[in-house]
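In my numbering, the protein residues as written are 2 to 184.
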């Protein structure tokens, strides 16, 4: 642009006979911000102009809690943090914390719960407090006989014990039992 006349030149151009003062016109570059959610819900990339700020979103993944974003340079960023756009694309990778699930055992009038991370071994309740009681079977939430899995799945579990109460030790040597039943 000729500062004296406001005339725009398109290069190449022929130099006029008088002095020409040219001023550079700059356009701000935009760069892409992208996210690798590592199996979480997808987050669409977006463009941000150099120097502008953007806010990092949070991410979601079933069975996990979002911990933070890790930038491609190794820097940790929290969700909701404002970041100034550098002169280049940025990629963020989600870092997750595995959420525990609850396994609950109902034994008579007692409820015993454990927090277990999916994929880990399910602990069994200590039965030493239950004298003269045998567990006949475990029932699921629907009241159906079931086996307790070895490892914790991605969902909460509840098991109800069906018990046999044994009464014995009387002077006549008679032993009686009452079964709460497994169907």
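Ideal Cβ placement from N, Cα and C applies to all residues, glycine included.
Item	Value
Whole-angstrom distance between residue 33 and residue 91, CA atom to CA atom	6 Å
Residue 91 in three-state terms, based on DSSP	strand
Per DSSP, cross-strand counterpart(s) of residue 96	69
Coarse secondary structure for residue 62, derived from DSSP in three states	coil
Of the listed residues 115, 62, 139, 133, nearest to residue 44 (C-alpha basis)	62
Length of the line joining the Cα atoms of residue 99 and residue 116	12 Å
Contact the region 17-26 vs the region 49-60: 3+ CB pairs below 8 Å	no
Best match in 156, 70, 134 for proximity to residue 38 [C-alpha to C-alpha]	70
CB of residue 140 within 9 Å of CB of residue 112, strictly	no
Residue 51 - DSSP class collapsed to helix/strand/coil	coil
Burial state of residue 95, where buried means 16 or more other Cβ atoms lie within 10 Å	buried
Cβ pair residue 93, residue 36 closer than 9 Å	yes
Between the CA atoms of residue 74 and residue 114 - distance to the nearest angstrom	42 Å
Cβ-based neighbour list, residue 145, same chain, cut-off 6 Å, excluding 5 preceding and 5 following	none
Where residue 6 falls: helix, strand or coil (DSSP)	coil
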